[in-house]
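To convert, count from 1 in the sequence shown and add 58; that's the working numbering.
The next block holds one structure in the form of structure tokens; read it before the comments.
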Amino acid sequence: MVSISEVLLRKVQLVGGSTLAISLPKNWTRRVGLKPGDYVFIALESDGSL
59 MVSISEVLLR KVQLVGGSTL AISLPKNWTR RVGLKPGDYV FIALESDGSL
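Structure (structure tokens):
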């Protein structure tokens, strides 16, 4: 389990009529070097969390 040192509230948005999305915090994307077009791996945990 990853330790959570910062918790942010993000709103789920409807994009294009059928896709749900959330935005990523700009400070975090800069810190990890994430750019538009990059891939982000998302792991589904057994408790349903990501």
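Note that beta-carbon positions come from the ideal geometry of N, C-alpha and C, so glycine has one too.
Source: prediction; values computed, not measured.
| Would you report the Cα separation of arginine 88 and valine 65, rounded to the nearest angstrom? | As a working note, residue 88 is residue 30 in the sequence shown. As a working note, residue 65 is residue 7 in the sequence shown. Each residue's Cα considered, the two are about 17 Å apart.
| field | C-alpha gap between leucine 78 and glutamate 103, whole angstroms | value | For the purposes of this step, residue 78 is identified with residue 20 of the sequence shown, where counting begins at 1. For the purposes of this step, residue 103 is identified with residue 45 of the sequence shown, where counting begins at 1. C-alpha separation (whole angstroms): 19 Å.
| task | Consult DSSP for valine 90 and reduce its assignment to one of helix, strand or coil. | result | As a first step, residue 90 must be located in the sequence shown, where it is residue number 32. Secondary structure of valine 90 (DSSP, three-state): helix.
| message | Tell me which residues share the same chain as valine 70 and place their Cβ nearer than 7 Å to its Cβ, disregarding the 5 neighbours each side in the sequence. | response | Position 12 of the sequence shown, counted from the start, is the residue given in the question as residue 70. Leu78 and Ile80, listed in sequence order.
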